[in-house]
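Here is the structure we will look at, set down as structure tokens.
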Amino acid sequence: MAQAFHLPPQALRGVCVVDFSHVIAGPFATFHLAQMGAEVVKIEKPGGGDVMRRTASGAQAFTAINAGKQMRAIDIASPEGRAEVLELARVADVMVDNYRPGVLRRHGLAYEDIQAINPGIVYCAISGYGYSDPARTPFGAYDHVIQALTGMTMLSGQEGDAPVKTGFPVIDAATGIIGALAIMAALREREHTGAGCFLDVSMWASALQLMYPFACETLTHDQEIARVGNKGFSGSPAADTFACRDGWLAIGANTHAHVERLLGELDIDPALAGPLLEPAAEGGATFARARDPKGFRELLASRMAGRSAHELEARLNAAGVPAARVRSLREFTREAVDTGLLEPVVLGQGAAQARTPGLGWRVRPGSAC
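Residue numbers for the sequence shown, in this note's numbering: 52 to 420.
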């Protein structure tokens with residue numbers, strides 16, 4: 052069994068958050084704040100609330116992402132509702148707005164309205180396009196739309212393929228994490244200055260953070276990024292995903308040393324593979340390159356097609372070659388729980404509970420925290 056870890060420390064104890072967010076991006080930001088001890092009051096529209104409540108595929112996600120928050124149904128279109136929100140905001144440390152830009156402004160709950168009664172407020176506005184582009188600012192956005200806008204769908208798949216969307220709302224999740232990080236940074240800065248601020252967190256900017264190496268290359272050299280399918284980022288001809296007799300195997304043989312070990316484990320004569328590869332550069336480890344990438348891949352693929360992905364995963368890792376059999380999410384989480392690698396955290400109350408993977412980090416018992 053893996054060594055047990057404590058839950059994250061309650062570093063945000065005493066921080067009060069007024070949460071005007073819905074669906075995934077905004078609620079995921081305030082989820083992280085709540086799980087670290089903040090008091091989060093989630094404001095929902097009477098008569099239905101967050102749409103995730105009413106979506107069969109999103110019910111568990113709603114329970115998990117909104118665990119630990121106080122839920123209040125407030126009609127902000129009414130004078131009484133607006134007054135109630137202003138009273139909450141007057142004593143809050145943070146306000147999160149996940150609506151389309153302009154929605155809360157129409158109800159007198161924009162940053163300027165809140166700042167007037169609470170100069171120290173950290174106001175985090177999460178939206179698809181941010182507040183800097185007047186042409187796009189009012190538009191609504193969803194994860195797959197921003198994937199298309201930012202070029203993410205043209206990084207997956209092979210050259211010539213139709214656009215390929217990432218299989219889960221990756222930008223929503225990243226935007227929530229970046230929003231939480233920005234809020235915590237602003238709270239730390241407020242300790243020094245006493246002043247609050249307006250945080251503009253957009254989905255498109257979060258997408259570029261996810262694609263950071265490629266975004267930097269494109270901005271610096273003004274060039275398109277090639278679509279390489281399931282090949283590794285290194286560009287090594289042995290960093291790819293191969294079909295085996297019982298599934299698929301991803302191999303990260305990036306360096307020449309990795310490639311040599313891989314050839315040995317596959318019983319490939321170096322004299323056969325050598326002419327297909329570029330020689331190793333002098334002076335240290337570099338990523339491997341091939342004179343004939345197609346021919347080298349075909350050689351590897353022919354030696355793996357009749358072998359077991361399960362057996363090769365164990366054998367290659369033991370030899371120092373990174374490798375993993377392709378699994379479904381269900382298969383991986385079952386395996387991780389069975390081996391003690393993952394200890395699910397149950398969130399929610401009563402019948403509305405969800406088993407979750409936690410926050411992605413844990414504090415080791417006996418360490419300083």
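Virtual Cβ for every residue (Gly too), placed ideally from N, Cα, C. Since this is a predicted model, take the numbers as computed values, not measurements.
* To do: Determine the direct distance from the alpha carbon of G391 to that of E316, and round the result to whole angstroms.
  => 29 Å
* To do: Could you give the DSSP three-state label for L328: helix, strand or coil?
  => strand
* To do: Could you check how far apart the C-beta atoms of G181 and W255 are, in whole angstroms? I think they sit under 8 Å.
  => 7 Å
* To do: Output the boundary residues of the beta strand (DSSP E) element that contains I177.
  => I177 -> beta strand (DSSP E) spans 173-178.
* Sorted by chain position, which residues of the same chain lie with C-beta nearer than 8 Å to E275's C-beta, five sequence neighbours on each side aside? -> T269
* Would you call the CB atoms of L363 and I319 closer than 8 Å? -> The beta carbons of L363 and I319 sit no closer together than 8 Å.
* Cβ pair A115, T407 closer than 8 Å -> yes
* **Contact between the region 335-344 and the region 306-313 (3+ Cβ pairs under 8 Å)** => yes
* Roughly how many angstroms lie between the CA atoms of F79 and S257, to the nearest whole one? -> One alpha carbon belongs to F79, the other to S257, and they sit about 14 Å apart.
* To do: Quick one: give me the first and last residue of the alpha helix (DSSP H) that D194 is part of.
  => 194-201
* Distance between F113 and S253 (C-alpha atoms, nearest Å) -> Going by C-alpha positions, S253 is about 21 Å away from F113.
* Asked: Out of R413, P416, L63, which has the shortest C-alpha to C-alpha gap to A237?
  -> Residue L63 is the option with its Cα nearest to A237.
* Cβ contact (3+ pairs, closer than 8 Å) linking the region 140-151 and the region 64-74 -> Yes, they touch.
* To do: Counting only the same chain and skipping the five closest in sequence on each side, list residues whose C-beta sits under 6 Å from that of F293.
  => L300, A352, M355
* Among the residues of its own chain, which have a CB less than 7 Å from the CB of L314, if the five just before and after it don't count? -> P321, A324
* What is the residue span of the alpha helix (DSSP H) that K345 lies within? -> Unbroken alpha helix (DSSP H) run through K345: 344-355.
* In three-state terms, what does DSSP make of E311? -> helix
* Asked: Which residue from V154, M235, S359, V196 puts its Cα closest to that of V377?
  -> The shortest Cα separation from V377 among V154, M235, S359, V196 belongs to S359.
* **Buried versus exposed, by CB contacts within 10 Å (16 or more), A402** => exposed
* To do: Within its chain, find whatever has a CB closer than 6 Å to the CB of D194; leave out the 5 residues flanking it on each side and keep chain order.
  => Within the same chain, Cβ atoms closer than 6 Å to the Cβ of D194 are found at P220, I222, D223, the five residues on either side in sequence being excluded.
* Asked: Quick one, which of V173, A304, V102, Q198 has its alpha-carbon nearest N368's?
  -> A304
* Separation of Q61 from C248, as counted between CA atoms -> 23 Å
* Rounded to whole angstroms, what's the CA-CA distance from A365 to A176? Just pull it up for me. => 47 Å
* 8 Å Cβ cutoff met for E90 and A124 -> no
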